[in-house]
Amino acid sequence: MSVVTQIILNADEELRYPSAGELQNIEAFLTTGEKRTRIASTLTENEKKIVDKATQELWRRRPDFIAPGGNASGTRERNQCIRDYGWYLRLVTYGVLDGSTETVDQIGVLGAREMYNSLGVPLAGMAEAMRCLKQASLALLSVEDAQEAAPYFDFLIQAMS
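Residue numbers (our numbering): 2 to 162.
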């Protein structure tokens, strides 16, 4: 939920107008819209490049994942990892756009731990994968934009740790 939606829903639930502080929060959110859109566009337009680079880095750091018996040893398993990279990158863009980790949490984290545990995917490996995705993504952004996007990756890393 965006800052704007959350403030409106909270005010409505309490049958009041948004406070001056809440209106300032909305104004601050709206003034960062161009930056958030630029970040999301860069990540979206470079998805393949980011996913490829992050995948290569993960296999370099963790060759045991693609070695016989590893969680990504087969073509099918590798393709699922690559698919998940794109999915998590998309979630980060959602978070950047709405200025909140709530969307990332609801869509991408709740239940993910249980799913990965049930599939025998080590969560430490998922955290490492998210670090590689973060590194590949932030390398394409300006310093300022990278600082804006980094917390969404960090949220995923923390959730998988």
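Quick reminder that beta carbons are idealized off the backbone N, C-alpha and C, glycines included.
Residue from the options whose Cα sits closest to the Cα of residue i
| i | options | result |
| --- | --- | --- |
| VAL4 | LEU98, LYS50, TYR89, ILE108 | LEU98 |
| ALA125 | VAL144, ASN72, ILE27, LEU24 | ASN72 |
| SER138 | PRO69, ALA68, SER119, ARG91 | ARG91 |
| THR102 | GLU14, GLU149, SER20 | GLU149 |
| GLY70 | GLN107, VAL122, SER143 | VAL122 |
| ALA130 | GLN25, ASP146, SER162, SER20 | SER162 |
| MET127 | GLN107, GLU14, ILE83 | ILE83 |
Where residue i falls: helix, strand or coil (DSSP)
| i | result |
| --- | --- |
| GLY109 | helix |
| GLU15 | coil |
Cβ-Cβ separation, residue j to residue i (assumed contact under 8 Å), whole Å
| i | j | result |
| --- | --- | --- |
| PHE154 | LEU141 | About 13 Å separates the two Cβ atoms, so there is no contact after all. |
| LEU59 | ILE51 | Contact flag wrong, Cβ pair sits at about 12 Å. |
| GLU48 | GLY22 | Actually they do not touch by this definition, with Cβ atoms about 37 Å apart. |
| THR94 | ALA151 | So it is not a contact: roughly 14 Å between Cβ atoms. |
Segment contact, 8 Å Cβ cut-off, at least three pairs: the segment 8-23 with the segment 112-127: no
Cβ pair count under 8 Å reaching 3, the segment 93-108 against the segment 31-49: Short answer: they touch.
Stretch pair the segment 14-32 + the segment 62-82: three plus CB contacts closer than 8 Å: no
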